[in-house]
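Below is one structure, written out as structure tokens; the observations come after it.
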Amino acid sequence: MRFSILAITPLIASVLALPAATTVDSLSKSRPTPSPPKLPTCGPTPQPCSCPAGTYYQVSTSIAIIPASVSDLKSIIGDFLVTSWFGTAPESVTGTGFVTGAKRNLLGGIPGAGVYPITEELTQWKTYPNNAGFFQKFQMADAPFYFNLTTGAPGILGGTWDIMDVHAIGSSSSSWLWNIYACFSVDFDFQEFHESAMKNVSAILTSQGKSHGNLFGPFSY
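What follows is the structure in structure tokens.
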């Protein structure tokens, strides 16, 4: 059988007239890359958030079972304006330690920078029914706080937000949770600070004859 070039010419023309196949590259270029959702600025509400420029998010939670009643534990850590249990005393205070709005002005050590004055404000304080525990919430009142490292480099403390939650476990034992999240330009060992304070409170209760066993914990994550 013989083929005529005239017979296949229309077929060749029709193939050449087809549109070129779309490449993967052209498809990807035609579809815009979705932007990640914008996080809210970090604040008193615990949620995924964005720290100010120059700082990064740090968080720590410590838990301990204190072998003492809620009322005895409250007598040491309940008053926001009394801070001797974690190794310092306020330079000055305003307000009442169980009422929101109270402020304490402390001298705090910043790693690599020295000691600086920091103000914290009580934003929530409540007791649970039937003397079953209490809840305390506080935060930095003077954020953002700017400082200089000993190297001369600038530093920023963009804010700290704390929660202390105490619950009765029977009549002579209490669970104590202490959580903090912060926006800081330097590393701070919140875990060591909280655990040291919890151990100190347990030792104080023992010295007062109000401890009914051994401290369990603290544990941090």
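Numbering of the sequence shown is given in the numbering used here, commencing with residue -14 and proceeding in unit increments.
Here a beta-carbon is modelled for each residue, glycine too, at the ideal position from N, C-alpha and C.
Just to check, is the beta-carbon of residue i closer than 8 Å to a non-hydrogen atom of the ligand MG?
{"i": "Gly82", "result": "No copy of the ligand MG occurs in the structure displayed, which carries no ligand at all."}
From this set, the options, which residue's C-alpha is nearest residue i's C-alpha?
{"i": "Trp163", "options": "Val84, Ser45, Phe201", "result": "Ser45"}
{"i": "Phe132", "options": "Leu200, Asn199, Phe119, Gly94", "result": "Gly94"}
{"i": "Val186", "options": "Ala38, Thr40, Trp70", "result": "Trp70"}
{"i": "Val171", "options": "Ile154, Gly140, Lys122", "result": "Gly140"}
{"i": "Gly202", "options": "Gly194, Gln193, Gln176", "result": "Gln176"}
{"i": "Thr191", "options": "Phe204, Cys168, Ser157, Asp174", "result": "Ser157"}
Count the other CB atoms, across all protein chains shown, that sit within 10 Å of the CB of residue i; report buried if there are 16 or more and exposed otherwise.
{"i": "Glu76", "result": "exposed"}
{"i": "Asp147", "result": "buried"}
{"i": "Leu24", "result": "exposed"}
{"i": "Phe130", "result": "buried"}
{"i": "Tyr166", "result": "buried"}
{"i": "Ala128", "result": "buried"}
{"i": "Ala87", "result": "buried"}
{"i": "Gly144", "result": "buried"}
{"i": "Leu92", "result": "exposed"}
CB residue i to CB residue j, shorter than 9 Å?
{"i": "Leu58", "j": "Ile51", "result": "yes"}
{"i": "Phe119", "j": "Val84", "result": "no"}
{"i": "Gly97", "j": "Ser181", "result": "no"}
{"i": "Ile103", "j": "Met125", "result": "yes"}
What does DSSP give as the partner residues of residue i in its beta bridges?
{"i": "Ser159", "result": "Ile51, Ala153"}
{"i": "Tyr166", "result": "Val44, Trp146"}
{"i": "Thr112", "result": "Phe119"}
{"i": "Glu106", "result": "Lys88, Gln124"}
{"i": "Thr26", "result": "Ser35"}
{"i": "Phe173", "result": "Answer is none; Phe173 lacks a bridge partner."}
{"i": "Ser205", "result": "Ser47"}
Continuous alpha helix (DSSP H) assignments of at least 4 residues falling wholly in the region 43 to 104: 55 to 62
Runs of alpha helix (DSSP H) wholly within the region 114 to 157 (minimum 4 residues, chain order): none
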